[in-house]
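Enquirer:
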Amino acid sequence: MIDTGAMKLIYHNGKEIWKPKAIYRLKNCDDLEILDYYNSMIRGFYNYYCIANNSSIINSYKYIMEYSMYKTYGTKYRTSISKVIGKFRAGKDFAVKFRNSKGVEKMRVFYNEGFKRQKKAFQSNADLVPNTIKYFSSTKLIDRIKARECELCGKTNTPIEIHHVHRLKDLQGKTFWEALMIARNRKTIALCRECHKKLHCGQLN
(Lines of atoms letter the chains of each structure in order from A and count residues from 1; the text may use other names and numbers.)
(Lines give C-alpha, C1' and ligand atoms only; values in the text may rest on other atoms or scores of the structure.)
Protein backbone atom coordinates (compact mmCIF):
# COMPACT_ATOMS: atom_id res chain seq x y z
CA MET A 1 0.00 0.00 0.00
CA ILE A 2 2.89 2.34 0.64
CA ASP A 3 3.99 1.81 -2.96
CA THR A 4 0.62 3.02 -4.22
CA GLY A 5 1.02 6.30 -2.32
CA ALA A 6 -2.33 5.80 -0.55
CA MET A 7 -0.89 5.71 2.97
CA LYS A 8 1.96 6.68 5.20
CA LEU A 9 3.34 5.04 8.32
CA ILE A 10 3.75 6.91 11.57
CA TYR A 11 4.94 5.60 14.91
CA HIS A 12 3.28 6.53 18.18
CA ASN A 13 4.37 5.08 21.52
CA GLY A 14 6.26 2.36 19.68
CA LYS A 15 3.22 1.36 17.62
CA GLU A 16 2.97 1.43 13.84
CA ILE A 17 -0.06 3.37 12.61
CA TRP A 18 -1.37 3.50 9.05
CA LYS A 19 -2.60 6.89 7.88
CA PRO A 20 -4.43 7.43 4.58
CA LYS A 21 -3.13 10.12 2.24
CA ALA A 22 -4.06 11.53 -1.14
CA ILE A 23 -2.55 9.96 -4.26
CA TYR A 24 -1.38 13.16 -5.87
CA ARG A 25 -0.65 11.63 -9.26
CA LEU A 26 -4.39 10.98 -9.68
CA LYS A 27 -5.54 14.55 -9.14
CA ASN A 28 -5.55 15.30 -12.88
CA CYS A 29 -7.65 12.25 -13.72
CA ASP A 30 -11.39 12.64 -14.17
CA ASP A 31 -13.74 11.64 -11.36
CA LEU A 32 -14.68 8.27 -12.84
CA GLU A 33 -11.05 7.26 -13.41
CA ILE A 34 -10.23 8.04 -9.77
CA LEU A 35 -13.16 5.98 -8.50
CA ASP A 36 -12.33 3.11 -10.85
CA TYR A 37 -8.72 3.13 -9.63
CA TYR A 38 -9.72 2.68 -5.98
CA ASN A 39 -12.39 0.08 -6.77
CA SER A 40 -9.86 -1.89 -8.83
CA MET A 41 -7.32 -1.84 -6.02
CA ILE A 42 -9.86 -2.98 -3.43
CA ARG A 43 -11.25 -5.78 -5.60
CA GLY A 44 -7.76 -6.94 -6.49
CA PHE A 45 -6.67 -6.98 -2.85
CA TYR A 46 -9.84 -8.85 -1.89
CA ASN A 47 -9.23 -11.38 -4.62
CA TYR A 48 -5.78 -11.94 -3.17
CA TYR A 49 -6.96 -12.44 0.43
CA CYS A 50 -10.49 -13.85 0.05
CA ILE A 51 -9.43 -17.47 0.65
CA ALA A 52 -7.35 -16.66 3.74
CA ASN A 53 -8.49 -17.07 7.32
CA ASN A 54 -7.63 -13.42 7.97
CA SER A 55 -9.54 -12.03 5.00
CA SER A 56 -11.09 -9.44 7.35
CA ILE A 57 -7.79 -7.55 7.08
CA ILE A 58 -9.27 -6.11 3.91
CA ASN A 59 -11.67 -4.04 5.99
CA SER A 60 -8.64 -2.13 7.24
CA TYR A 61 -7.32 -1.92 3.71
CA LYS A 62 -10.67 -0.59 2.46
CA TYR A 63 -10.71 2.07 5.18
CA ILE A 64 -7.27 3.30 4.12
CA MET A 65 -8.21 3.31 0.44
CA GLU A 66 -11.58 4.95 1.09
CA TYR A 67 -10.11 7.87 2.98
CA SER A 68 -7.21 8.11 0.56
CA MET A 69 -9.85 8.46 -2.16
CA TYR A 70 -11.62 11.23 -0.24
CA LYS A 71 -8.32 13.03 0.20
CA THR A 72 -7.47 12.60 -3.48
CA TYR A 73 -10.77 14.20 -4.50
CA GLY A 74 -10.17 16.84 -1.83
CA THR A 75 -6.80 17.61 -3.40
CA LYS A 76 -8.34 17.77 -6.86
CA TYR A 77 -11.12 20.14 -5.83
CA ARG A 78 -9.17 21.87 -3.03
CA THR A 79 -11.83 21.14 -0.46
CA SER A 80 -12.43 19.17 2.74
CA ILE A 81 -13.26 15.49 3.11
CA SER A 82 -16.76 16.30 4.43
CA LYS A 83 -17.52 18.42 1.35
CA VAL A 84 -16.19 15.69 -0.94
CA ILE A 85 -18.49 13.14 0.69
CA GLY A 86 -21.42 15.53 0.38
CA LYS A 87 -20.67 16.23 -3.28
CA PHE A 88 -20.62 12.57 -4.29
CA ARG A 89 -23.17 11.12 -1.88
CA ALA A 90 -25.91 9.01 -3.49
CA GLY A 91 -28.12 7.69 -0.69
CA LYS A 92 -25.82 5.60 1.49
CA ASP A 93 -23.23 5.25 -1.25
CA PHE A 94 -20.37 7.31 -2.59
CA ALA A 95 -20.88 7.51 -6.34
CA VAL A 96 -19.76 9.23 -9.53
CA LYS A 97 -22.32 10.11 -12.18
CA PHE A 98 -21.32 10.15 -15.84
CA ARG A 99 -22.78 9.89 -19.31
CA ASN A 100 -21.89 7.04 -21.64
CA SER A 101 -21.25 7.35 -25.36
CA LYS A 102 -25.02 7.36 -26.01
CA GLY A 103 -25.57 10.26 -23.63
CA VAL A 104 -27.31 8.09 -21.02
CA GLU A 105 -26.57 9.05 -17.44
CA LYS A 106 -24.98 6.27 -15.41
CA MET A 107 -23.70 6.00 -11.86
CA ARG A 108 -20.79 4.01 -10.48
CA VAL A 109 -20.49 3.48 -6.72
CA PHE A 110 -17.53 2.97 -4.43
CA TYR A 111 -17.08 -0.71 -3.53
CA ASN A 112 -19.84 -1.80 -1.11
CA GLU A 113 -20.11 -5.58 -1.60
CA GLY A 114 -18.42 -6.74 1.61
CA PHE A 115 -15.53 -9.15 2.15
CA LYS A 116 -16.81 -12.65 2.87
CA ARG A 117 -14.31 -15.47 2.92
CA GLN A 118 -14.38 -17.45 -0.33
CA LYS A 119 -13.46 -21.05 -1.09
CA LYS A 120 -11.43 -19.92 -4.09
CA ALA A 121 -10.28 -16.68 -5.61
CA PHE A 122 -12.52 -14.97 -8.16
CA GLN A 123 -9.67 -14.86 -10.69
CA SER A 124 -6.99 -17.41 -11.46
CA ASN A 125 -4.20 -14.81 -11.16
CA ALA A 126 -4.86 -14.10 -7.48
CA ASP A 127 -1.12 -13.93 -6.78
CA LEU A 128 -0.73 -10.86 -8.99
CA VAL A 129 -0.93 -7.25 -7.85
CA PRO A 130 -3.95 -5.51 -9.43
CA ASN A 131 -3.04 -3.84 -12.71
CA THR A 132 -3.57 -0.09 -12.30
CA ILE A 133 -1.75 1.01 -15.40
CA LYS A 134 -4.68 2.57 -17.23
CA TYR A 135 -5.24 5.16 -14.53
CA PHE A 136 -2.00 7.07 -14.99
CA SER A 137 -2.66 8.56 -18.40
CA SER A 138 -3.18 12.33 -18.44
CA THR A 139 -5.63 11.86 -21.32
CA LYS A 140 -9.26 11.89 -20.23
CA LEU A 141 -10.62 8.70 -21.69
CA ILE A 142 -14.23 9.62 -20.97
CA ASP A 143 -13.97 12.73 -23.15
CA ARG A 144 -12.43 10.75 -25.99
CA ILE A 145 -15.11 8.05 -25.80
CA LYS A 146 -17.89 10.64 -25.63
CA ALA A 147 -16.52 12.39 -28.71
CA ARG A 148 -17.57 9.28 -30.71
CA GLU A 149 -14.91 9.95 -33.35
CA CYS A 150 -12.41 7.37 -34.61
CA GLU A 151 -8.93 8.83 -34.34
CA LEU A 152 -7.76 6.66 -37.24
CA CYS A 153 -10.37 6.81 -40.01
CA GLY A 154 -12.18 9.92 -38.78
CA LYS A 155 -15.60 8.26 -38.66
CA THR A 156 -17.96 10.20 -36.37
CA ASN A 157 -21.01 9.37 -34.27
CA THR A 158 -19.79 5.81 -33.71
CA PRO A 159 -19.10 3.66 -30.63
CA ILE A 160 -15.46 4.04 -29.60
CA GLU A 161 -13.01 1.49 -28.19
CA ILE A 162 -9.64 2.38 -26.67
CA HIS A 163 -6.63 0.52 -28.03
CA HIS A 164 -3.38 0.42 -26.02
CA VAL A 165 -0.34 0.63 -28.26
CA HIS A 166 2.04 -1.07 -25.83
CA ARG A 167 1.13 -4.48 -24.46
CA LEU A 168 0.47 -5.01 -20.77
CA LYS A 169 3.00 -7.86 -20.80
CA ASP A 170 5.66 -5.13 -20.87
CA LEU A 171 4.79 -4.55 -17.21
CA GLN A 172 5.42 -8.10 -16.02
CA GLY A 173 8.24 -8.39 -13.54
CA LYS A 174 8.47 -4.63 -13.10
CA THR A 175 8.45 -2.78 -9.80
CA PHE A 176 5.58 -0.40 -9.12
CA TRP A 177 7.58 2.66 -10.12
CA GLU A 178 8.97 1.01 -13.25
CA ALA A 179 5.39 0.16 -14.24
CA LEU A 180 4.35 3.74 -13.52
CA MET A 181 7.04 5.11 -15.84
CA ILE A 182 5.93 2.72 -18.60
CA ALA A 183 2.33 3.78 -18.02
CA ARG A 184 3.18 7.45 -18.44
CA ASN A 185 4.63 6.64 -21.86
CA ARG A 186 1.90 4.20 -22.82
CA LYS A 187 -0.06 5.61 -25.73
CA THR A 188 -3.70 4.95 -26.51
CA ILE A 189 -5.81 5.54 -29.59
CA ALA A 190 -9.59 5.82 -29.81
CA LEU A 191 -10.88 3.57 -32.59
CA CYS A 192 -14.23 2.66 -34.07
CA ARG A 193 -15.08 -1.04 -33.76
CA GLU A 194 -14.29 -1.71 -37.43
CA CYS A 195 -10.80 -0.17 -37.22
CA HIS A 196 -10.13 -1.88 -33.89
CA LYS A 197 -11.05 -5.27 -35.36
CA LYS A 198 -8.91 -4.66 -38.44
CA LEU A 199 -5.99 -3.61 -36.24
CA HIS A 200 -6.06 -6.85 -34.25
CA CYS A 201 -6.40 -8.86 -37.47
CA GLY A 202 -3.40 -7.08 -38.98
CA GLN A 203 -5.50 -5.63 -41.79
CA LEU A 204 -4.59 -1.96 -41.30
CA ASN A 205 -1.93 -0.38 -43.51
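Sequential numbering from 0 applies to the sequence shown in numbering that gives the first Met the number 0.
Where is the CB? At the ideal position from N, CA and C, for every residue including glycine.
So Asn-99 and Lys-91 are supposed to be a Cβ contact under 8 Å. How far apart are they, rounded?
Expert: Here residue 99 corresponds to residue number 100 of the sequence shown, with the count starting at 1. Here residue 91 corresponds to residue number 92 of the sequence shown, with the count starting at 1. With 8 Å as the limit, Asn-99 and Lys-91 do not qualify as a contact, their Cβ atoms being about 24 Å apart.
Enquirer: Measuring straight from C-alpha to C-alpha, what distance separates Ala-146 and Thr-155?
Expert: In the sequence shown, counting from the first residue as 1, residue 146 sits at position 147. In the sequence shown, counting from the first residue as 1, residue 155 sits at position 156. Straight-line Cα distance between these residues: approximately 8 Å.
Enquirer: Could you tell me the alpha carbon to alpha carbon distance between His-195 and Glu-160, rounded to whole angstroms?
Expert: Mapped onto the sequence shown, residue 195 falls at position 196. Mapped onto the sequence shown, residue 160 falls at position 161. Each residue's Cα considered, the two are about 7 Å apart.
Enquirer: Between Leu-8 and His-162, what straight-line distance do the alpha-carbon atoms span, to the nearest angstrom?
Expert: Indexing the sequence shown from 1 puts residue 8 at position 9. Indexing the sequence shown from 1 puts residue 162 at position 163. One C-alpha to the other measures close to 38 Å.
Enquirer: Compare the C-alpha of Gly-108 against each of Ile-33, Lys-20, His-199, His-11 and name the closest.
Expert: Mapped onto the sequence shown, residue 108 falls at position 109. First, the amino acid is wrong: residue 108 is Val here, not Gly. Checking every option, the nearest Cα to that of Val-108 belongs to Ile-33.
Enquirer: Would you kindly check if the distance between the Cβ of Met-6 and the Cβ of Ile-41 is under 8 Å?
Expert: As a working mapping, residue 41 is identified with position 42 in the sequence shown. As a working mapping, residue 6 is identified with position 7 in the sequence shown. Taking 8 Å as the Cβ cut-off, Ile-41 and Met-6 do not qualify as a contacting pair.
Enquirer: For Ile-16, which of Tyr-23, Asn-38, Ser-59 has the nearest alpha-carbon?
Expert: Position 17 of the sequence shown, counting from 1, holds the residue named residue 16. It is Ser-59.
Enquirer: Pick from Tyr-23, Ile-57, Thr-157, Glu-193: whose alpha carbon is nearest that of Arg-77?
Expert: Here residue 77 corresponds to residue number 78 of the sequence shown, with the count starting at 1. For the residues Tyr-23, Ile-57, Thr-157, Glu-193, the minimum Cα distance to Arg-77 belongs to Tyr-23.
Enquirer: Report buried or exposed for Cys-200, applying the criterion of at least 16 other Cβ atoms within 10 angstroms of its Cβ.
Expert: Stepping through the sequence shown from its first residue, residue 200 is reached at position 201. Under this definition Cys-200 is an exposed residue.
Enquirer: Use the C-beta contact count for Pro-158: other C-beta atoms within 10 angstroms, 16 or more gives buried, fewer gives exposed.
Expert: Here residue 158 refers to the residue found at position 159 of the sequence shown. Exposed is the call here.
Enquirer: Once the 5 residues before and after Ile-188 are set aside, which same chain residues still bring their CB inside 8 Å of it?
Expert: For this step, residue 188 is matched to residue 189 along the sequence shown. Contacts found: Glu-150, Leu-151, Ile-161, His-162, Val-164.
Enquirer: Taking buried to mean at least 16 other C-beta atoms within 10 Å of its own C-beta, is Gly-43 buried or exposed?
Expert: Position 44 of the sequence shown holds residue 43. Classification of Gly-43: buried, given that the 10 Å Cβ count is 16 or more.
Enquirer: According to DSSP, simplified to helix, strand and coil, what is Val-83?
Expert: To locate residue 83, count along the sequence shown from 1; it is residue 84. Helix, per DSSP.
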